[in-house]
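Notes follow once the structure below has been shown.
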Amino acid sequence: MKKRLATMAVAAVMAAGPVMADLVFPSLSYRTGAYAAGGIPFADGYADYFTLLNERDGGIGGVMTKVPECETAYNTEKGVECYESLKDSGGLVYQPLSTGITYQLIPKMTADDIPLHTMGYGRTSAANGKVFSHVFNYPANYWNGASVIVNHLLEQNGGDMKGKKVALVYHNSAFGKEPIRTLEELSAKHGYELSLLPVDHPGQEQKSQWLQIRRDKPDYVIMYGWGVMNQVAIQEAANIRFPMENFIGIWWSGAEHDVMPAGEAANGYKAVTFHAVGDDFPVFDDIRKYVVDKGLAAGAGDQVGKVVYNRGLYAAMLAAEAAKKAQEIHGTAQITPSMMRDGMEALEITEERMAELGMPNFGPSFSVSCENHGGDGLGAITQWDAAAGEWKMISEFGPSDMDVIQPLIIEDSEAFAAESNIEQRCN
Amino acid sequence: MFYREAGDFKTSYVDDGQTFPIKFDRYRYYFVLFVAFAMVPLLINDYWVNAIFLPFLIYSIAAIGLNILVGYCGQVSLGTGGFMAVGAYACYKFMTGLDIWIGGVQYALPPINIFFSVILAGLVTAVVGVLFGLPSLRIKGFYLAVATLAAQFFLVWLFNKWAWAYNYSASGQINAPEREIFGVAITGPNTEAWASYLFCLVIAAITAVIARNLTRGASGRKWMAIRDMDIAAEIIGVNPLKAKLSAFAVSSFYIGIAGALFFAVYLGAVEVGEAFGIQKSFIVLFMVIIGGLGSIFGSFAGAAFLVLLPVLLKLMLADSTDTITGFSTVMSWIFLLAFAAAVVMLVINVIRTRSLIAGSGVGWIFASIAAFMAYALTIGGMGWPTDIVAHLQLVIVGALIIIFLVAEPHGIAQLWRVAKEKLRLWPFPH
């Protein structure tokens, strides 16, 4: 019924005069549930950037954009419903912001010829474009994140980590388990001792893990957490007086809402990131002018400039740039998901381009190729300043140890190719 | 008038003992089967299958399984999620080739056909179910619920920890590779909508028929005797060991099959904590309670209710076509107010009459609710913010569970029975 009326409505519009269809960027968001604290700012940032493009530039290449939202609550079953219900809307690229939903969508979307962008999450070995034709995880992935953290620790220890103890507190799911292999390889290379402390969904109960940390006294704690788990972990760390500057989170564990509940005690907590933090960029002036002040902001409009908001903004920027690239390659403003995929594969983000967009040095410059869907894997370290109430970058974007990561990517992706009978591309 | 026993003569014991003794019921049953097998597969697309039919059929199988245990045998279980996980991981091992390591050498079976993988997964789950059913011989009621709750947490922990179960994959996820029956893909990304639908439908139909006959036969009567009073049952010669453990075995077999289909056909990729957590145990239990304890039809009705309602609410409230605006805002308010008034009146009516369908104005209440739903679906959704709708879903589903428990503790199946009783007398109720 619904579909028929929709078609009738479309037919009526078509009869009135030729109108170009919008470019659709579906947002599988989660504004409810245990992970909403991170889901809301990301969804807001993603939607606001496309609103900005519509209001300021009249869309992308003269075609307006549209961001239909569907609530997944970080739940794979709802994710399926959302994907299927948005599939017919002509969505160009999907960003589910959930590793579980990503795993499920990878084979489906490859079969449906729609690209999937999992920025800093999802299946890490999807960086191998030879195997994963429709999945992209530029500019950085979980293993890059782990390696950048270890590099930071190496730097602090003068390049020698022999005999140091490192504990990994992780969300007991595909997301949290991803870095284990990399950290183990790096531990063999650099000689630190790694212990693993899983935390079960949703992560509100962590007493025993932190008791163990208090007993074992590791030199450093690395955290792969998301949602309510982060706040609890930082509070627990504060309770046992673990030195915050030795506690480092992945980029999903380093936002304002994660550290705020612990107050002053969270001061000095660190996190790795693949994009800039803060709202000191020209693009935010435009967002205030064209989006917030006009009352068009997504959600409550109070997230502008927060860490995860910036990430949503960055994801939207990369998607919009890829769409532009696709329009260039195929010489048409009305691109299809298949064309979008070509655009993403040919994407090149340079310093000049980011400066033009009002986001100078917002992220590292990188380029995507047929073989490499993962970018260069650069990351930086940020630190929470509780007094000022803001995250500060304390390092430049630095490289990760690709000598260790690349063989792991090849190994895992080739195992997947063998399991699913995928022929390698790009030859 | 049409729905009656009169004139439907039974001339043999087989006729007399059939599942649907009333002709009208029988033809309705054949009609439903005909629509499900012959018409639906021609009409459905990916959305209908993946968002509605697959979850409905799979949850129905799980609900039938749990209903056998809770509704027929009276043994409360909160381990459904864990048993579904056993089914899913067993199915994964069978469909990718079960491997065993003896003395450092790997011996592997070839991958087994997906249909038999699902059945074998059910059998493995039945064995696990019997193991965790053993405490039921000593403990009852809430204490048994806690014992099965332990099964839930233990099994989820096990499949997180035991790398062999997920073929040592780095992330602990299991992915269903493409598997075919008669050259038609059933699992994997290239599945046609009708193929996965029919596969689940066949299994659901077979399991439902078997369950219906089991519960009508000797074993079902033993289960019900145990449920109603186990000491009395023991005195009249029902062996509680056999009866309780067979209920656990059959129930777990069904739940294992549901778990296998849930992973292999429906989701395609699963991680145990997310997909088979305690939430699963509760939702299947709610299906059984809302649908009706001790009723096979109730299992289907409960599954349909809890699968369809959230999707329906989302389609009604969150989606929007944003092509029709302007005139619709005034209309929307009118319908919405009528709907809100109807909901308030429904609640008052439930409190006043202690029933969902008694009371004089109840027809108007349901008519205005239906009118609002029809209106919302016709305009393609009210376009409300997704988070508000998600919260409303929880509120509405929760409220309905309460209303059902207050007004109709025997669930939808009882409403169905009452409707049939009324139909039998219609149109001359006196």
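These protein sequence lines are chains G and W, in that order. Quick note on our numbering: the first sequence kicks off at 1067 and runs consecutively. Quick note on our numbering: the second sequence kicks off at 1261 and runs consecutively. Glycine included, C-beta positions come from ideal geometry on N, C-alpha and C.
Chain-ordered chain G contacts of residue i [CB-CB under 7 Å]
{"i": "Q1433 (chain W)", "result": "Y1169 and A1240"}
{"i": "P1437 (chain W)", "result": "E1485 and S1486"}
{"i": "N1420 (chain W)", "result": "N1238"}
Amino acids of chain G, ordered along the chain, whose beta-carbon sits closer than 8 Å to that of residue i
{"i": "V1649 (chain W)", "result": "E1137"}
{"i": "T1646 (chain W)", "result": "S1095, R1097, E1135, C1136 and E1137"}
{"i": "A1564 (chain W)", "result": "Those within 8 Å of A1564 (chain W) in chain G number zero; the least Cβ separation is about 15 Å."}
Proximity below 8 Å, CB of residue i to CB of residue j
{"i": "M1299 (chain W)", "j": "A1524 (chain W)", "result": "no"}
{"i": "F1565 (chain W)", "j": "F1599 (chain W)", "result": "no"}
{"i": "I1312 (chain W)", "j": "V1567 (chain W)", "result": "yes"}
{"i": "I1321 (chain W)", "j": "A1464 (chain W)", "result": "yes"}
{"i": "M1371 (chain G)", "j": "F1340 (chain G)", "result": "The amino acid occupying residue 1371 (chain G) in the given sequence is Gly; Met does not appear at that position. No, Cβ-Cβ distance for G1371 (chain G) and F1340 (chain G) is not below 8 Å."}
{"i": "A1193 (chain G)", "j": "G1424 (chain G)", "result": "no"}
{"i": "A1342 (chain G)", "j": "G1429 (chain G)", "result": "yes"}
{"i": "G1166 (chain G)", "j": "T1142 (chain G)", "result": "yes"}
{"i": "I1467 (chain W)", "j": "I1324 (chain W)", "result": "Note on identity: in this sequence residue 1467 (chain W) is Thr, with Ile being the wrong assignment. Yes."}
{"i": "E1137 (chain G)", "j": "A1650 (chain W)", "result": "yes"}
{"i": "R1684 (chain W)", "j": "R1288 (chain W)", "result": "no"}
{"i": "Y1169 (chain G)", "j": "Q1366 (chain W)", "result": "no"}
{"i": "A1602 (chain W)", "j": "G1641 (chain W)", "result": "no"}
{"i": "Y1332 (chain W)", "j": "G1480 (chain W)", "result": "yes"}
Assigned exposure category for residue i - 16 Cβ within 10 Å defines buried
{"i": "T1408 (chain W)", "result": "buried"}
{"i": "T1065 (chain G)", "result": "Outside the shown range of chain G (1067 to 1493) lies residue 1065 (chain G), about which nothing can therefore be said."}
{"i": "V1079 (chain G)", "result": "For V1079 (chain G), the pLDDT reaches just 41, beneath the cut-off of 50, and the residue's location in the model is therefore unreliable, leaving the point undetermined."}
{"i": "N1120 (chain G)", "result": "buried"}
{"i": "P1370 (chain W)", "result": "exposed"}
{"i": "N1487 (chain G)", "result": "exposed"}
{"i": "K1502 (chain W)", "result": "exposed"}
{"i": "I1314 (chain G)", "result": "buried"}
{"i": "F1587 (chain W)", "result": "Model confidence at F1587 (chain W) stands at a pLDDT of 48, short of 50, so the residue's coordinates are unreliable and nothing is read from them."}
{"i": "I1447 (chain G)", "result": "buried"}
{"i": "A1659 (chain W)", "result": "exposed"}
{"i": "T1117 (chain G)", "result": "buried"}
{"i": "F1269 (chain W)", "result": "exposed"}
{"i": "R1122 (chain G)", "result": "exposed"}
{"i": "Y1335 (chain G)", "result": "buried"}
{"i": "W1424 (chain W)", "result": "exposed"}
{"i": "A1471 (chain W)", "result": "buried"}
{"i": "W1593 (chain W)", "result": "exposed"}
{"i": "M1489 (chain W)", "result": "exposed"}
{"i": "P1689 (chain W)", "result": "exposed"}
Strand pairing of residue i, partner residues [DSSP]
{"i": "A1699 (chain W)", "result": "This structure does not reach residue 1699 (chain W), given that chain W is present from 1261 up to 1690, and the question cannot be answered."}
{"i": "K1336 (chain G)", "result": "G:I1314 and G:Q1449"}
{"i": "C1136 (chain G)", "result": "G:L1094"}
{"i": "V1530 (chain W)", "result": "W:I1434"}
{"i": "Q1366 (chain W)", "result": "W:W1361"}
{"i": "M1289 (chain G)", "result": "G:V1235 and G:G1315"}
{"i": "Y1160 (chain G)", "result": "G:L1182"}
{"i": "N1493 (chain G)", "result": "Per DSSP, none; premise fails for N1493 (chain G)."}
{"i": "W1457 (chain G)", "result": "G:W1450"}
Partner residues on chain W for residue i, Cβ-Cβ distance less than 9 Å
{"i": "E1147 (chain G)", "result": "Y1307, N1310, A1311, I1312, P1315, P1570, V1571 and K1574"}
{"i": "T1142 (chain G)", "result": "L1527, A1529, V1530, E1531, E1534 and A1535"}
{"i": "P1181 (chain G)", "result": "What P1181 (chain G) touches in chain W: nothing, since even the nearest Cβ is about 15 Å away."}
{"i": "K1049 (chain G)", "result": "One cannot answer for residue 1049 (chain G) here, as it falls past the ends of chain G, which runs 1067 to 1493."}
Amino acids of chain W, ordered along the chain, whose beta-carbon sits closer than 8 Å to that of residue i
{"i": "V1174 (chain G)", "result": "Looking at the sequence itself, residue 1174 (chain G) is Lys, so the reference to Val does not match. Residues of chain W passing the Cβ test: P1449 and G1528."}
{"i": "R1247 (chain G)", "result": "A1430"}
{"i": "H1218 (chain G)", "result": "In chain order: nothing, as chain W lies at least about 23 Å away."}
{"i": "K1372 (chain G)", "result": "Per Cβ cutoff of 8 Å: no residues; K1372 (chain G) is ~17 Å from chain W at best."}
Proximal residues of chain B, C-beta to C-beta of residue i below 8 Å
{"i": "A1425 (chain W)", "result": "Going by chain labels, chain B is absent from the structure shown, which instead holds the protein chains G and W."}
Closer than 9 Å at the beta carbon, the chain G residues around residue i
{"i": "A1578 (chain W)", "result": "E1135, C1136 and E1137"}
Legend entry - the stretch 1334-1345 of chain W touching the stretch 1532-1542 of chain W, judged by at least three CB pairs closer than 8 Å: yes
Legend entry - Sufficient close CB pairs (3 or more, under 8 Å) joining the stretch 1350-1361 of chain G to the stretch 1243-1251 of chain G: no
Inset, instruction - Taking 8 Å as the threshold, find out whether the stretch 1096-1116 of chain G comes into contact with the stretch 1360-1376 of chain G through three or more Cβ pairs. - result: yes
Inset, instruction - Inspect the CB distances between the stretch 1443-1460 of chain G and the stretch 1325-1334 of chain G and report whether three or more fall short of 8 Å. - result: yes
Legend entry - the stretch 1231-1245 of chain G in contact with the stretch 1460-1472 of chain G per 3-pair CB rule at 8 Å: no
Inset, instruction - Check whether the stretch 1163-1183 of chain G touches the stretch 1519-1536 of chain W, taking contact to mean three or more Cβ pairs, one atom from each stretch, closer than 8 Å. - result: yes
Inset, instruction - Mind the definition here: the stretch 1375-1392 of chain W touches the stretch 1505-1515 of chain W only if three or more C-beta pairs lie below 8 Å; say whether that holds. - result: yes
Legend entry - Meets three-Cβ-pair contact criterion under 8 Å: the stretch 1197-1209 of chain G and the stretch 1258-1277 of chain G: no
Inset, instruction - Examine the Cβ distances between the stretch 1180-1189 of chain G and the stretch 1442-1459 of chain W and report whether three or more of them are shorter than 8 Å. - result: no
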